[in-house]
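Novice:
Residue numbers (our numbering): -11 to 625.
#1: Taking the straight line between their C-alpha atoms, what separation do you get for residue 306 and residue 22?
#2: Based on Cα-Cα distance, which residue from 135, 26 and 31 lies nearest to residue 46?
#3: Do residue 300 and residue 380 count as a contact pair if the criterion is CB distance below 7 Å?
#4: Quick one: any contact between the segment 124 to 143 and the segment 49 to 67, if contact means 3 or more CB pairs under 8 Å?
#5: According to DSSP, simplified to helix, strand and coil, what is residue 230?
#6: Going residue by residue through the segment 35 to 122, where are the continuous alpha helix (DSSP H) segments of at least 4 residues, counting only ones entirely within it?
#7: I'd like the span of the alpha helix (DSSP H) that includes residue 220, first residue to last.
#8: At the level of alpha carbons, what is the spacing between residue 258 and residue 240?
#9: Find the nearest neighbour of residue 229 within the set 263, 313, 625 and 509, judged by alpha-carbon distance.
#10: Alpha carbon to alpha carbon, how far is residue 284 from residue 389?
#11: Assuming residue 359 is part of the beta strand (DSSP E), what are its boundary residues?
#12: Does the Cβ of residue 323 have 16 or more other Cβ atoms within 10 Å, making it buried, or fewer, making it exposed?
#13: Among residues of its own chain, excluding the 5 on either side of residue 592, which ones have a beta-carbon nearer than 6 Å to its beta-carbon?
#14: I need the straight-line Cα distance from residue 616 to residue 405, nearest angstrom please.
#15: Less than 6 Å between C-beta atoms, sequence neighbours within five positions excluded: which residues of the same chain meet that for residue 235?
#16: For residue 530, report the span of its alpha helix (DSSP H) as first-last.
#17: Under the rule that 16 or more other beta-carbon atoms within 10 Å means buried, what is residue 175, buried or exposed?
#18: Using alpha carbons as the reference points, say which of 355, 370, 332 and 372 lies closest to residue 362.
#19: Taking C-beta to C-beta, are residue 318 and residue 302 nearer than 7 Å?
#20: Let me know the secondary structure DSSP gives residue 165 once reduced to three states.
#21: List the endpoints of the continuous beta strand (DSSP E) containing residue 21.
#22: Can you tell me which of 194, 173, 191 and 233 puts its alpha carbon nearest to the alpha carbon of residue 214?
#23: With distances taken from CA atoms, which of 394, 128, 186 and 499 is nearest residue 237?
#24: Which class does residue 187 belong to by DSSP, given the choice of helix, strand or coil?
#25: Return the chain-ordered list of same chain residues with a C-beta closer than 7 Å to the C-beta of residue 201, the five sequence neighbours on each side being excluded.
#26: Between residue 503 and the rest of its own chain, which residues show a CB-CB distance below 7 Å, the 5 nearest in sequence each way excluded?
#27: Take residue 198 and list the residues in its own chain whose beta-carbon comes closer than 6 Å to its own, dropping the five residues that flank it on each side.
#28: Mind checking which residues open and close the alpha helix (DSSP H) that includes residue 310?
#29: Are there three or more Cβ pairs, one per stretch, closer than 8 Å when the segment 114 to 130 is compared with the segment 92 to 106?
#30: I'd like to check one pair, residue 232 with residue 220: are the Cβ atoms closer than 7 Å?
#31: Exposed or buried, which one is residue 169 when buried takes at least 16 other CB atoms within 10 Å?
#32: Looking at C-alpha atoms only, which residue of 89, 206, 95 and 619 is the closest neighbour of residue 525?
#33: With residue 482 as the anchor, note down where its alpha helix (DSSP H) starts and where it stops.
#34: As a quick exercise: from 577, 288, 514 and 509, pick the residue whose alpha carbon is nearest that of residue 605.
#35: Any idea if residue 222 is buried or exposed, counting beta-carbon neighbours within 10 angstroms, 16 or more meaning buried?
#36: Taking buried to mean at least 16 other C-beta atoms within 10 Å of its own C-beta, is residue 63 buried or exposed?
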């Protein structure tokens, strides 16, 4: 059915213009409404625009409803009447129709309150209609009418006791679980149930007959109250209206009201019935939730480190201000996680884009490690990222939160420190190398001194000094060649030192046996040098004094100068005692000291040096002179 109406220019100017652009801007609001909205061409009756509630209301998909003439949504017998009603008001006046029977796609009928108005849409005359499904109210009204008729018939036909019926109705009202207040036309309280007594804090017997406004409506809101009551009495039911109710004790309660006029059996309007639900607790919970959400949002936005919250479909929900300050990207510039990762990671994006998917299947925090992040200005940052799941959105999508610690400065400092340490390591090795070379120069000088001196005693003293210098030089040589300047492998050091001493004294391998039992002992330079000097003195004493028996000297040669077999053995062992202490055992199976040995009181220069070095190590020394000479030295490291 088409509608053709001629309008003069004056009438068309009176019609408000609803552009497609403004409708686009309001589409989100319309989709969130419970009422259906439909815009149709005035000439053709074809729909031009609609919201999703209108589709659900009539049971059509939007594409289906767009192809139907607007008249097809009414019952056949109502179509002409509805069009005749709209045509005279096509100049822009608002049209209101109540309880209009409408036809769903499946053939069922429902009732709607319809408000329509002629407008200019996309440059052409159109009608915009607002539909509110009142089927439930209609059925309720019809049911009330039927009940009223049945009750009236029962009274007429059976003359039942009216008081009994009133008590039954009273029971319904009292057990309804909602606030029920009925007002007369002059705002007097006619009905006031038990729930109302609890909310308002007064008894029904006291409330009946009182002016509702005087009790519960502040003077500043009475004009609004009167307007609402007048609207209900004129046939506009009140739906889901929130109001604050202040009780006689001063407490404020929030009530969600639905109200309609009361009509008696003769069709006379006699008052207003209001049914309310106490939603105070719900409102408090909503307010608490809102405040909690605000605090959470503020905590995220003001976090002093980068924070990002994103949904499982990749939508970035929120980022912190610090995130934007460091990267230069706003939320609008990276609406999805993929876009952010693409900007931040560049060519590395394919390698890391799968990582977030794992976060939805874990229960706790995940340390994702360090990532290189590139800012909008091309600056490379290093972020240490931690992530965890964060529940779900209202639409069911899973959330994750990622927090980062900008370690760029720390990484730069670490690199600088590594470079500095490497430079100092090279320098320190060079120092050890030069110290060793200087000691070699000293040894050479002592060797020259030895050649120009014929005093045997003085020459022996020079050799002993050379051996001591070699033991210290060997430490610097080990440090120059080792990877760790803080630790010297004591086994390698002692083996090398003993070999140097055997060579210095001209001892054959087959003459005196040497057993070195050291494992897992590493010493610093401050400890290795005194330990090396101690071992130097003790092994030197053994090689000089312990093996002169059976016609053999320390070299294992007899009086004829031939090697005469093994003269004895030396041993050096060192172990960690497990409590931070080191134990060194040094000994031989030689002749020992005939009169025993007082280590602390000896006048021997070598043993005197040993005592001084043990004190330097803050250790102890013990000597056993049975079956050779055996030393036990303990000190802490």
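Each residue gets a CB set at the ideal place from its N, CA and C atoms; glycine is no exception.
Specialist: Judging by the given coordinates:
#1: Numbered from 1 along the chain shown, position 318 holds the residue referred to as residue 306. Numbered from 1 along the chain shown, position 34 holds the residue referred to as residue 22. Using only the alpha carbons, I get a separation of about 29 Å.
#2: As a working note, residue 46 is residue 58 in the chain shown. For residue 46, the nearest C-alpha among the options comes from 26.
#3: Within the chain shown, the letter at position 392 stands for residue 380. Within the chain shown, the letter at position 312 stands for residue 300. No; because the gap between Cβ atoms is not below 7 Å, this pair is not in contact.
#4: no
#5: Along the chain shown, one-based indexing puts residue 230 at 242. If DSSP states are grouped into helix, strand and coil, residue 230 belongs with the strands.
#6: 40 to 46, 50 to 54 and 64 to 74
#7: Translated into positions along the chain shown, residue 220 becomes position 232. Its alpha helix (DSSP H) spans residues 210 to 221.
#8: Numbered from its first residue, the chain shown carries residue 258 at position 270. Numbered from its first residue, the chain shown carries residue 240 at position 252. Cα to Cα, the separation comes out at about 30 Å.
#9: Along the chain shown, one-based indexing puts residue 229 at 241. The shortest C-alpha separation from residue 229 is found at 263.
#10: On the chain shown, position 296 is the one that residue 284 refers to. On the chain shown, position 401 is the one that residue 389 refers to. Computed Cα separation, rounded: 13 Å.
#11: Counted from its first residue, the chain shown places residue 359 at position 371. From DSSP, the beta strand (DSSP E) with residue 359 extends over 354 to 362.
#12: What you label residue 323 is simply residue 335 of the chain shown in a count that begins at 1. Classification of residue 323: exposed, given that the 10 Å Cβ count is below 16.
#13: Against the chain shown, residue 592 aligns to sequence position 604. Counting only Cβ-Cβ distances below 6 Å, and skipping sequence neighbours, we find nothing.
#14: Here residue 616 refers to the residue found at position 628 of the chain shown. Here residue 405 refers to the residue found at position 417 of the chain shown. Approximately 53 Å between the Cα atoms of the pair.
#15: Numbered from its first residue, the chain shown carries residue 235 at position 247. Around residue 235: 188 and 189.
#16: What you label residue 530 is simply residue 542 of the chain shown in a count that begins at 1. Per DSSP, residue 530 belongs to the alpha helix (DSSP H) from 513 to 533.
#17: As a working mapping, residue 175 is identified with position 187 in the chain shown. The residue in question, residue 175, is buried, as its Cβ has 16 or more Cβ neighbours within 10 Å.
#18: As a first step, residue 362 is located in the chain shown; it is residue number 374 there, counting from the start. Checking every option, the nearest Cα to that of residue 362 belongs to 332.
#19: Here residue 318 refers to the residue found at position 330 of the chain shown. Here residue 302 refers to the residue found at position 314 of the chain shown. Not closer than 7 Å, so no.
#20: Counting from one through the chain shown, the residue named residue 165 turns up at place 177. Of the three classes helix, strand and coil, the one that applies to residue 165 here is coil, per DSSP.
#21: As a working mapping, residue 21 is identified with position 33 in the chain shown. That residue, residue 21, is in no beta strand (DSSP E); it is neither H nor E in DSSP.
#22: As a first step, residue 214 is located in the chain shown; it is residue number 226 there, counting from the start. Of 194, 173, 191 and 233, the residue nearest in Cα terms is 173.
#23: If you number the chain shown from 1, residue 237 lands on position 249. Closest by alpha carbon: 186.
#24: Indexing the chain shown from 1 puts residue 187 at position 199. The answer is helix: DSSP assigns residue 187 an H, G or I state.
#25: Stepping through the chain shown from its first residue, residue 201 is reached at position 213. Result list for residue 201: 175, 210 and 213, in chain order.
#26: Counting from one through the chain shown, the residue named residue 503 turns up at place 515. Cβ neighbours of residue 503 beyond the five flanking positions: 557 and 559.
#27: Position 210 of the chain shown, counting from 1, holds the residue named residue 198. 177.
#28: Looking up residue 310 in the chain shown gives position 322. Element bounds for residue 310: 309 to 315.
#29: yes
#30: The residue given as residue 220 occupies position 232 in the chain shown. The residue given as residue 232 occupies position 244 in the chain shown. Cβ atoms of residue 220 and residue 232: not closer than 7 Å.
#31: On the chain shown, position 181 is the one that residue 169 refers to. It is buried - the Cβ of residue 169 has at least 16 other Cβ atoms within 10 Å.
#32: Taking the first residue of the chain shown as 1, we reach residue 525 at position 537. Residue 619 is the option with its Cα nearest to residue 525.
#33: Here residue 482 is taken as the residue at index 494 of the chain shown, counted from 1. It spans 478 to 492 - the alpha helix (DSSP H) in which residue 482 sits, taken as one unbroken run.
#34: Translated into the one-based positions of the chain shown, residue 605 becomes position 617. Comparing Cα positions, the closest option is 514.
#35: Position 234 of the chain shown holds residue 222. The C-beta of residue 222 has fewer than 16 other C-beta atoms within 10 Å across all chains shown, which makes the residue exposed.
#36: Counting from one through the chain shown, the residue named residue 63 turns up at place 75. With fewer than 16 other Cβ atoms within 10 Å, it is exposed.
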